[in-house]
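Following: one structure in structure tokens, then a few remarks.
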Ligand code: ATP
Ligand code: MG
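Residue numbers (the working numbering): 294 to 854.
This is the structure in structure tokens:
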């Protein structure tokens, strides 16, 4: 989509307003702040497209910042995957940052807060603290440690840092207001003891800052002007502002937090925690399983970066949560692949056809266009011979006039080849057709005359020459969840809605031009859908994933012949 042509979204309006009110354009700065506790999913694509889109629109830097405050759940594997995915989507970040780079600064600020009487070490158990929290309508109770002296707090906090205490023995809390109507303001925890190595700081620290203390301050350190996050952080805004007030210097840019709605996609889940369950329980083969709504899963499925960006741009951002139908995502990949994917022929459910009057042993290499909508895509040749495969569904012994495929006594064109006529068929003991005997019209060869001089028939079928066909494993995917919104049921776990038939593996017979296909090559199997080469392919064995079916197969084939 032409980015400057569309209407401004509400976040862009906020930025415009700030510029009108005198905020200097040079100070605009954005960031995309993933927590490296899983792979990016299609929901993240909205946030990426928003933040990097703002960077492009205003020629402002966009940082990629990993909010890596929880060593228990974070791993280098996730950092690498996130970088790979953002890059693959086509975005460049200004600098790569880590919240863990700011651990020292955050610690120093926490010490200042203690000195100012604005933070204290609480030595209660987490259960005791939870009991004192109160309810939204009832004030909480002060911890007995809230009146600890500055000196004692400083000494204990330092002890926490030096590893003198066990996990859970002490925490550092902000001293705000236990009666605040916003429960998040009731003396939130800033630090906890965690004797865990961190994927970047290793064992340097055994206290870790909480996300709420880290996130807003990291934006401030990076001088992010507009700190954009999803709606669940709206109630946190007050707390982030309180934390900022403690360290803010008026000469600096003060990040402005604004919230937008999470994007949910139908028939799947977009939560790293839930996606992790699918991986850990073996429901899928990994984070990049082509059924996953992760960026790497979609990539492996055959999606293009353009199609995901166009999808994210089209749905834009919203102020309220809603469910986007997965068919809209499929529409975008079809639209893009229709432009860029070469057409090839493959038969996935083969039925043998013998052209009885075609000379045995003869092979003709027929010219085939790679993309009817794009002349520059050129052409290739496909071998034609006496023994062919067509799809089982393309033949019936008898059928009414509306059946434009092959029936006994009827004619069809073989794509790029001849018109054939079904004369007879052979059946097995169960009455299943095992072979169709046909004759052909030697004067009907595609491309052998002008468009007008060629005889026309209603139906066109794809096919492959049996002798030349290459066998491939073809993985057909269905929705991973049978339910439209699996994680919104009150009394049922989302795992109960997993579709047990989301993967079907079959053998396909492909035209030989695909012999050299490489992982991630995307093609259209004519009349069947878009497919791409899976990285599981080896030199001897190609593996294809079905990206998406064609919507209106027949309309398309009819138009062209
Ligand atoms: P998850 O629940 O999947 O772990 P998260 O919000 O915890 O999501 P982060 O790594 O913290 O994941 O997300 C990075 C950024 O992407 C955040 O600004 C977050 O608000 C945004 N984001 C995450 N999920 C979505 C979504 N479904 N739609 C839009 N933005 C999202
Ligand atoms: Mg998170």
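Using N, Cα and C, we set each Cβ at its ideal position, and we do this for glycine too.
| Heavy atom of ligand 1 less than 7 Å from the Cβ of residue 390, yes or no? | Locating residue 390 in the chain shown gives position 97, counting from the first residue. Result no, Cβ not under 7 Å from ligand 1.
| Environment of ligand 1 in chain order, Cβ to heavy atom below 5 Å | 327, 328, 336, 337, 339, 340, 522, 523, 555, 556, 563, 564 and 565
| field | Residue nearest to residue 533 in terms of C-alpha spacing, selected from 553, 511 and 515 | value | Reading the chain shown from its first residue, position 240 is the one you call residue 533. The residue with the shortest Cα to Cα distance from residue 533 is 511.
| field | Inter-residue Cα distance where the pair is residue 717 and residue 804 | value | Indexing the chain shown from 1 puts residue 717 at position 424. Indexing the chain shown from 1 puts residue 804 at position 511. Near 26 Å, if we compare the C-alpha coordinates of residue 804 and residue 717.
| field | DSSP three-state assignment for residue 393, whether helix, strand or coil | value | As a position in the chain shown, residue 393 is number 100, starting the count at 1. Looking at residue 393 - three-state DSSP - the assignment turns out to be helix.
| task | Confirm, please, whether the CB-CB distance from residue 526 to residue 506 is below 8 Å. | result | For the purposes of this step, residue 506 is taken as the residue at position 213 of the chain shown. For the purposes of this step, residue 526 is taken as the residue at position 233 of the chain shown. No, the Cβ-Cβ distance between residue 506 and residue 526 is not below 8 Å.
| field | Supposed close pair residue 513, residue 540 - CB separation, criterion 8 Å | value | To locate residue 513, count along the chain shown from 1; it is residue 220. To locate residue 540, count along the chain shown from 1; it is residue 247. Sure, about 7 Å apart at Cβ, within 8 Å.
| task | Return the chain-ordered list of same chain residues with a C-beta closer than 6 Å to the C-beta of residue 727, the five sequence neighbours on each side being excluded. | result | As a position in the chain shown, residue 727 is number 434, starting the count at 1. Once the five neighbours on either side are set aside, the close Cβ partners of residue 727 are 719 and 721.
| query | Relative to the C-alpha of residue 553, which residue among 613, 596 and 600 is closest? | reply | Taking the first residue of the chain shown as 1, we reach residue 553 at position 260. Checked all of 613, 596 and 600; the closest Cα to residue 553 is 613.
| field | Straight-line gap, residue 495 to residue 366 (C-alpha atoms, nearest Å) | value | As a first step, residue 495 is located in the chain shown; it is residue number 202 there, counting from the start. As a first step, residue 366 is located in the chain shown; it is residue number 73 there, counting from the start. Roughly 14 Å separates the two Cα atoms.
| said: List, from N- to C-terminal side, the alpha helix (DSSP H) runs of 4 residues or more that fit wholly inside the segment 338-409. | reply: 369-381 and 396-408
| How long is the line joining the alpha carbons of residue 330 and residue 820, rounded to whole angstroms? | Position 37 of the chain shown, counting from 1, holds the residue named residue 330. Position 527 of the chain shown, counting from 1, holds the residue named residue 820. So the two alpha carbons sit approximately 41 Å from each other.
| query | Which of the three DSSP states, helix, strand or coil, is assigned to residue 294? | reply | The residue labelled residue 294 in the question sits at position 1 within the chain shown. Residue placement at residue 294 is poorly supported in this model, since its pLDDT is 48, which falls under 50; the coordinates are not used for a value here.
| Opposing strand residues paired with residue 658 [DSSP bridges] | Sequence index remark: in the chain shown, residue 658 carries index 365 (1-based). BP columns for residue 658 point to 676.
| query | Under three-state DSSP, which class holds residue 828? | reply | Walking along the chain shown from the start, residue 828 turns up at place 535. Reduced to three states, the DSSP call for residue 828 is coil.
| Okay, do the segment 779-796 and the segment 808-826 touch, 3+ Cβ pairs below 8 Å being the bar? | no
| query | Okay, do the segment 606-622 and the segment 378-398 touch, 3+ Cβ pairs below 8 Å being the bar? | reply | no
| said: Taking the alpha-carbon of residue 729 as reference, which of 723, 713, 740 and 737 has the nearest alpha-carbon? | reply: For this step, residue 729 is matched to residue 436 along the chain shown. For the residues 723, 713, 740 and 737, the minimum Cα distance to residue 729 belongs to 713.
| query | Relative to the C-alpha of residue 698, which residue among 370, 832, 664 and 756 is closest? | reply | Residue numbering aside, residue 698 sits at position 405 when the chain shown is read from its first letter. Out of 370, 832, 664 and 756, 756 has the C-alpha closest to the C-alpha of residue 698.
| message | Let's see if you can read the secondary structure: which residues bound the alpha helix (DSSP H) around residue 453? | response | Within the chain shown, numbered from 1, the residue matching residue 453 stands at position 160. From DSSP, the alpha helix (DSSP H) with residue 453 extends over 443-454.
| field | Own chain residues within Cβ distance below 6 Å of residue 326, not counting five before or after | value | To locate residue 326, count along the chain shown from 1; it is residue 33. Excluding residues within five positions, the ones whose Cβ falls inside 6 Å are 358 and 360.
| query | So is the beta-carbon of residue 793 under 7 Å away from any non-hydrogen atom of ligand 4? | reply | Ligand 4 is not part of this structure, which contains only ligand 1 and ligand 2.
| query | Given that a residue counts as buried once 16 or more other Cβ atoms are within 10 Å of its Cβ, and exposed if not, what is residue 845? | reply | If you number the chain shown from 1, residue 845 lands on position 552. For residue 845, the predicted structure reports a pLDDT of 40, less than 50, and the residue's modelled location is therefore unreliable. The matter cannot be settled from this model.
| field | Beta-carbon proximity check, residue 323 vs residue 348, cutoff 8 Å | value | The residue you call residue 323 lines up with position 30 of the chain shown. The residue you call residue 348 lines up with position 55 of the chain shown. Yes.
| message | Assuming contact is defined by CB atoms lying nearer than 8 Å, are residue 762 and residue 682 in contact in what I supplied? | response | The residue labelled residue 762 in the question sits at position 469 within the chain shown. The residue labelled residue 682 in the question sits at position 389 within the chain shown. Result yes, Cβ atoms of residue 762 and residue 682 sit closer than 8 Å.
| Residues bridged to residue 822 by DSSP? | In the chain shown, residue 822 corresponds to position 529, counting from 1. Its beta-bridge partners are 818 and 842.
| query | Span of the beta strand (DSSP E) holding residue 734? | reply | As a working note, residue 734 is residue 441 in the chain shown. Per DSSP, residue 734 belongs to the beta strand (DSSP E) from 726-734.
| task | Note the first and the last residue of the continuous beta strand (DSSP E) segment covering residue 596. | result | Residue numbering aside, residue 596 sits at position 303 when the chain shown is read from its first letter. No beta strand (DSSP E) holds residue 596; DSSP gives it neither H nor E.
| request: Please say whether residue 838 and residue 593 have beta carbons closer to each other than 8 Å? | output: Taking the chain shown and counting its residues from 1, one reaches residue 593 at position 300. Taking the chain shown and counting its residues from 1, one reaches residue 838 at position 545. Contact flag set, yes.
| request: Please confirm whether residue 571 and residue 528 have their CB atoms less than 8 Å apart. | output: Translated into positions along the chain shown, residue 571 becomes position 278. Translated into positions along the chain shown, residue 528 becomes position 235. No, the Cβ-Cβ distance between residue 571 and residue 528 is not below 8 Å.
| Below 8 Å between beta carbons: does that hold for residue 639 and residue 801? | One-based indexing of the chain shown puts residue 639 at position 346. One-based indexing of the chain shown puts residue 801 at position 508. For residue 639 and residue 801, yes; Cβs fall inside 8 Å.
| field | Rounded distance between the beta-carbons of residue 382 and residue 602, thought under 8 Å | value | As a position in the chain shown, residue 602 is number 309, starting the count at 1. As a position in the chain shown, residue 382 is number 89, starting the count at 1. Going by Cβ atoms, the distance from residue 602 to residue 382 rounds to 6 Å, so yes, they are a contact pair.
| Per DSSP, residue 502 forms a beta bridge with which residues? | Mapped onto the chain shown, residue 502 falls at position 209. Answer is 484, bridged to residue 502.
| By how many angstroms is the C-alpha of residue 434 removed from the C-alpha of residue 364? | Start at 1 with the first residue of the chain shown, and residue 364 comes out as number 71. Start at 1 with the first residue of the chain shown, and residue 434 comes out as number 141. In a straight line, the C-alpha of residue 364 is about 31 Å away from that of residue 434.
| query | Going straight from the alpha carbon of residue 318 to that of residue 301, what length do you get? | reply | Against the chain shown, residue 318 aligns to sequence position 25. Against the chain shown, residue 301 aligns to sequence position 8. Looking at the two C-alpha atoms, the distance is approximately 17 Å.
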